[in-house]
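Chemist:
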Amino acid sequence: MIEYQAFRVELKDKVAHVAINRPDKVNAMNAAFWSEIVEIFRWIDETDEVRVVVLSGEGKHFSAGIDLQLLAQAATQMGADVGRNAERLRRQILTLQASFNAVDNCRKPVIAAIQGYCIGGAIDLIAACDMRYCTLDAQFSIKEIDMGMAADVGTLQRLPRIIGDGMMRELAYTGRAVDGREAQAIGLVNRTYADQPELMTAVFELASDIAAKSPVAIRGTKEMIRYMRDHRVDDGLEYIATWNAAMLQSADLKVAMAAHMSKQKPDFAD
Numbered sequence: 426m427i428e429y430q431a432f433r434v435e436l437k438d439k440v441a442h443v444a445i446n447r448p449d450k451v452n453a454m455n456a457a458f459w460s461e462i463v464e465i466f467r468w469i470d471e472t473d474e475v476r477v478v479v480l481s482g483e484g485k486h487f488s489a490g491i492d493l494q495l496l497a498q499a500a501t502q503m504g505a506d507v508g509r510n511a512e513r514l515r516r517q518i519l520t521l522q523a524s525f526n527a528v529d530n531c532r533k534p535v536i537a538a539i540q541g542y543c544i545g546g547a548i549d550l551i552a553a554c555d556m557r558y559c560t561l562d563a564q565f566s567i568k569e570i571d572m573g574m575a576a577d578v579g580t581l582q583r584l585p586r587i588i589g590d591g592m593m594r595e596l597a598y599t600g601r602a603v604d605g606r607e608a609q610a611i612g613l614v615n616r617t618y619a620d621q622p623e624l625m626t627a628v629f630e631l632a633s634d635i636a637a638k639s640p641v642a643i644r645g646t647k648e649m650i651r652y653m654r655d656h657r658v659d660d661g662l663e664y665i666a667t668w669n670a671a672m673l674q675s676a677d678l679k680v681a682m683a684a685h686m687s688k689q690k691p692d693f694a695d
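Reading the sequence shown from the start, the letters are residues 426 to 695 in our numbering.
(1) Suppose you measure from the CA of L678 to the CA of Q689; what does that come to, to the nearest Å?
(2) Using the Cα positions of T617 and D555, report the straight-line distance between them to the nearest angstrom.
(3) By the three-class DSSP mapping on this structure, what secondary structure does R703 have?
(4) With a Cβ-Cβ cutoff of 8 Å, do G545 and G490 count as a contact?
(5) Using the DSSP secondary-structure output, state which residues sit across from H442 in a beta bridge.
(6) Can you tell me where the beta strand (DSSP E) holding M556 begins and where it ends?
(7) Buried or exposed for T560, please, with buried defined as at least 16 other CB atoms from any protein chain shown within 10 angstroms of its CB.
(8) What are the boundary residues of the alpha helix (DSSP H) that Q522 is part of?
(9) Which of helix, strand or coil does DSSP assign to F466?
(10) Return yes when at least one heavy atom of the ligand ADP lies under 7 Å from the C-beta of V535, else no.
(11) With DSSP run on the structure shown, which of helix, strand or coil describes D577?
(12) Hey, I445 and N455 are a contact pair by Cβ (cut 8 Å); roughly how many whole angstroms apart?
(13) On the premise that R557 lies in contact with N510, defined as a C-beta separation below 8 Å, what is that separation, rounded to the nearest angstrom?
(14) Tell me the residue span of the beta strand (DSSP E) that contains S566.
(15) At which residues does the alpha helix (DSSP H) containing A499 begin and terminate?
(16) Within 10 angstroms of the Cβ of G612, are there 16 or more other Cβ atoms? Answer buried if so, exposed if not.
(17) Taking only the alpha-carbon atoms, compute the straight-line gap between D438 and A636 and give it to the nearest angstrom.
(18) Looking at the structure shown, is D604 part of a helix, part of a strand, or coil, going by DSSP?
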């Protein structure tokens with residue numbers, strides 16, 4: 426497995442564990458983070474052995490968001506010309522957006538396991554995941570508003586579909602913190618756990634359950650859910666009909682049916 430500066434990556438029993446690995450910096454997202462996450466999720470997407478991803482943060486906190494040193498560095502690159510500054514900033518923002526688009530566009534389900542701080546850019550990150558689970562003491566905050574800026578890496582675009590427009594506006598306008606219990610109540614996370622060991626045990630059990638399913642069926646299910654974010658119902662029905670015209674010919678269907686009839690656990694090819 427490749428060594429990374431900002432992450433620790435492991436693959437075991439079809440589940441890739443991607444851990445932000447800067448606990449001494451509260452897992453703040455430095456320059457290496459933004460480039461490495463694209464490389465990691467490209468590898469995940471291209472590696473058939475990987476069926477599910479667990480995304481977590483080492484130490485007491487998931488992530489404190491973008492590294493402030495990175496923002497300070499961007500500020501030092503500004504020149505006298507407003508137009509050129511704007512073009513430079515726009516390119517940088519689009520590059521950061523691409524990092525979390527890599528998570529969102531991944532063909533495999535991505536499960537976020539969150540403890541402690543999940544602030545600013547970390548909200549953008551978990552919003553790009555399929556499912557989110559946290560500890561009761563987790564603290565979520567769209568902190569960009571307190572830094573005098575609008576969140577620009579995906580929170581304002583993805584979060585309304587997760588927690589609803591009104592609640593998203595409240596959190597984005599105020600920057601107030603939400604704990605694990607409220608996060609579950611508003612639908613930001615699926616479930617809460619007492620502490621990090623309990624959280625990680627439960628999340629890996631869930632990941633193992635998903636990894637045991639047909640990878641072709643999981644791929645199709647994720648693609649259809651994602652497609653429906655921006656299309657009408659009749660468009661989605663047309664798409665799944667065309668998709669399954671091919672995918673229902675997969676050997677996985679026969680394997681699943683045979684296992685069901687014999688009351689055995691199916692074993693699907695990667």
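Don't be surprised by glycine CBs; every beta carbon is placed ideally from N, CA and C.
Just so we're clear, the structure is a prediction, and the values are computed from it rather than from any experiment.
Modeler: So, from the listed chains and residues:
(1) 14 Å
(2) 16 Å
(3) Any property of residue 703 remains undetermined from this structure, which presents the chain solely from 426 to 695.
(4) yes
(5) E435, V479
(6) 556-560
(7) buried
(8) 507-529
(9) helix
(10) What this structure holds is no ligand at all, so the ligand ADP is not there to describe.
(11) coil
(12) The pair is not a contact, with the Cβ atoms about 10 Å apart (cut-off 8 Å).
(13) Not a contact, Cβ separation roughly 36 Å.
(14) 564-566
(15) 493-501
(16) exposed
(17) 8 Å
(18) strand
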